[in-house]
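One structure is given below, encoded as structure tokens.
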Amino acid sequence: MTADKFQIGWSQRIRLEWLERTANLVLAGNDKDTVFASLQQDLQDQLSIGGTAKRGNREKVITILMKLWSVPPRHLQDFRNRGLNLLQVLPVKQHLLVHWGMATAVYPFWAGVAEQTGRLLRLQGHVAAAQVQRRIRERYGERETVSRAARRVLRSFMDWGVLEDSGKKGVYVQGRNLPVDTSESMGWLIEALLRAGSRDSASLHSLMHSPSLFPFSFSGSVSLNTYSGLEFMRFGMDEDMVMLSK
578 MTADKFQIGW
588 SQRIRLEWLE
598 RTANLVLAGN
608 DKDTVFASLQ
618 QDLQDQLSIG
628 GTAKRGNREK
638 VITILMKLWS
648 VPPRHLQDFR
658 NRGLNLLQVL
668 PVKQHLLVHW
678 GMATAVYPFW
688 AGVAEQTGRL
698 LRLQGHVAAA
708 QVQRRIRERY
718 GERETVSRAA
728 RRVLRSFMDW
738 GVLEDSGKKG
748 VYVQGRNLPV
758 DTSESMGWLI
768 EALLRAGSRD
778 SASLHSLMHS
788 PSLFPFSFSG
798 SVSLNTYSGL
808 EFMRFGMDED
818 MVMLSK
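578 is the number of the first residue of the sequence shown in my numbering; add one for each residue after it.
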């Protein structure tokens, strides 16, 4: 397991419309300084209102937004570019899956919270924030920063509509579920999981059924053979292995 997998990074509640705005700024050809200035202006009445601190909530949110779509880690730049292309061809209602994939690849902490959330939803049909926080602390350490970050990821899940209030405080149920019915969309999410786990290869079945992808349902009729980011290999009689393209 790499050191990056133990870094939190995602420390703020991030709304889907902020990610959409950031991606659109990049698609318009803006450089990172222009994207940063535009986000500062857009969010000045929503976060840290009237604040001038260099590391206030607004600046922390912008850091996350920028790392996802404007200045991703070098090894994810090609992945980001393909995500931008995907945003241009998918209907807006499907953009959630592109942002989910980017968040998963760039911030393994996001993927970790999603995995525990998905496991609990499968097991009991609902998820309590306290349960997720306990499991995440077991993995990332008994620190208040870990619990706080997990709460903010869960809050982001709520904002994105993939979790909903159950009526009981701190307990959530499954929200929207998006069908994934194209090879590009399915391949994008599978590749994101491989990159989040720093793995060269994994069972296709395990990836497609990963609890980290709880907001999505895959169509069994979609073939991934045309997706350029992945390569496939048959292992044994009936198990397909998938790996990142060289």
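C-beta: ideal position from N, C-alpha, C; glycine also.
Could you check whether residue j and residue i sit closer than 8 Å to each other, using their CB atoms as the reference points?
{"i": "SER647", "j": "VAL612", "result": "yes"}
{"i": "ILE639", "j": "TRP587", "result": "no"}
{"i": "SER800", "j": "SER743", "result": "no"}
{"i": "SER794", "j": "VAL757", "result": "yes"}
{"i": "VAL666", "j": "TRP765", "result": "no"}
{"i": "LEU596", "j": "LEU645", "result": "yes"}
{"i": "SER789", "j": "ALA680", "result": "no"}
{"i": "LEU770", "j": "MET818", "result": "no"}
{"i": "GLY806", "j": "SER822", "result": "yes"}
{"i": "MET810", "j": "ASP777", "result": "no"}
{"i": "ALA687", "j": "PRO792", "result": "Contrary to the premise, residue 687 reads as Trp rather than Ala in this sequence. It is not a contact, given that the beta carbons lie outside the stated cut-off."}
{"i": "LEU572", "j": "LEU604", "result": "As shown, the chain starts at 578 and ends at 823. That puts residue 572 outside it, with no answer to give."}
{"i": "GLY689", "j": "ARG716", "result": "yes"}
{"i": "ARG657", "j": "PRO649", "result": "yes"}
{"i": "LEU755", "j": "GLN621", "result": "no"}
For a test of the three-state rule: what should DSSP assign to residue i, helix, strand or coil?
{"i": "ARG635", "result": "helix"}
{"i": "GLN710", "result": "helix"}
{"i": "VAL704", "result": "strand"}
{"i": "ALA779", "result": "strand"}
{"i": "SER615", "result": "helix"}
{"i": "SER760", "result": "helix"}
{"i": "LEU624", "result": "coil"}
{"i": "SER796", "result": "coil"}
{"i": "SER724", "result": "helix"}
{"i": "ARG590", "result": "coil"}
{"i": "ASP608", "result": "coil"}
{"i": "ILE767", "result": "helix"}
{"i": "THR524", "result": "The question about residue 524 has no answer here: the residues shown for the chain are numbered 578 through 823."}
{"i": "LEU801", "result": "coil"}
{"i": "SER789", "result": "helix"}
Quick check on the DSSP output: the alpha helix (DSSP H) that includes residue i runs from which residue to which?
{"i": "PHE809", "result": "Segment 807-812 is the beta strand (DSSP E) holding PHE809; no alpha helix (DSSP H) there."}
{"i": "TRP595", "result": "593-604"}
Apart from the five residues just before and just after residue i, which ones in its own chain have a Cβ nearer than 7 Å to its Cβ?
{"i": "ARG590", "result": "ARG729, ARG732, SER733 and ASP736"}
{"i": "SER724", "result": "GLN710 and ARG714"}
{"i": "ALA706", "result": "ARG728, LEU731 and GLY747"}
{"i": "ASN655", "result": "As written in the sequence, residue 655 is Asp, which differs from the Asn given in the question. Contacts found: none."}
{"i": "TYR804", "result": "SER760, GLU761 and GLY764"}
{"i": "GLN693", "result": "VAL709, ARG712 and ILE713"}
{"i": "ALA726", "result": "ILE585, TRP587, SER588 and PHE686"}
Starting from the C-beta of residue i, find all residues in its chain whose C-beta is less than 6 Å away, skip the five residues before and the five after it, and write them out in chain order.
{"i": "LYS740", "result": "Before going on, a small fix: residue 740 reads as Leu here, not Lys. Within the same chain, LEU740 has close Cβ partners PHE734, TYR749 and GLY752."}
{"i": "SER615", "result": "LEU602"}
{"i": "MET850", "result": "This structure cannot settle anything about residue 850, because the visible part of the chain is limited to 578 through 823."}
{"i": "VAL704", "result": "THR694, LEU697, LEU698 and TYR749"}
{"i": "ALA600", "result": "TRP646 and LEU664"}
Can you find a CB in chain B that lies within less than 8 Å of the CB of residue i?
{"i": "ILE591", "result": "Within the model displayed, chain B is absent; a lone protein chain is all it includes."}
May I ask which residues mark the beginning and end of the beta strand (DSSP E) holding residue i?
{"i": "GLU719", "result": "First-last for GLU719: undefined, no H or E at that position."}
{"i": "LEU565", "result": "Since the displayed the chain opens at 578 and closes at 823, residue 565 lies outside it and no answer follows."}
Note down, in chain order, each residue of its chain lying with its Cβ closer than 8 Å to the Cβ of residue i, except the 5 sequence neighbours on either side.
{"i": "GLY606", "result": "none"}
Ignoring anything shorter than 4 residues, give me the alpha helix (DSSP H) runs that lie fully in the region 649-702, in order along the chain. 654-666, 672-683 and 685-701
Segments of 3+ residues assigned as beta strand (DSSP E) that fall wholly inside the region 735-760: 740-742, 748-751 and 755-757
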